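In my numbering, the protein residues as written are 72 to 137. Backbone N, C-alpha and C define an ideal beta-carbon position, used for all residues, glycine too. In this text, all values refer to a predicted model and were calculated from it rather than measured experimentally. Notes follow the structure.
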C-alpha cells in the first residue's frame, strides 16, 4: 500500500511539473501573439503613412500641372 502511495505522489509531482511547463509555454506563446499583433499594427501604420505621402505627392503634381 505504501509503495502505491509513493507511486501516486511521484506521478502527482510529474504532472505538476508538466503543468508548470505547459503554463510557461502558454505564457510565451501569448507574448509572441502580442508581438505579432504589434508588428501587424506597425505595418498597417507604415502602409497608411506611405499611402498618405503618395497622395500628397500626387496632389502636389496636379497643382503644379495646373
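Identify whether residue i lies in helix, strand or coil by the three-state DSSP scheme.
{"i": "residue 72", "result": "coil"}
Taking the alpha-carbon positions, what's the residue i to residue j distance?
{"i": "residue 79", "j": "residue 112", "result": "49 Å"}
{"i": "residue 132", "j": "residue 121", "result": "17 Å"}
{"i": "residue 105", "j": "residue 128", "result": "35 Å"}
{"i": "residue 84", "j": "residue 99", "result": "23 Å"}
{"i": "residue 90", "j": "residue 123", "result": "49 Å"}
{"i": "residue 93", "j": "residue 87", "result": "10 Å"}
{"i": "residue 115", "j": "residue 107", "result": "12 Å"}
{"i": "residue 101", "j": "residue 109", "result": "12 Å"}
{"i": "residue 130", "j": "residue 95", "result": "53 Å"}
{"i": "residue 82", "j": "residue 103", "result": "31 Å"}
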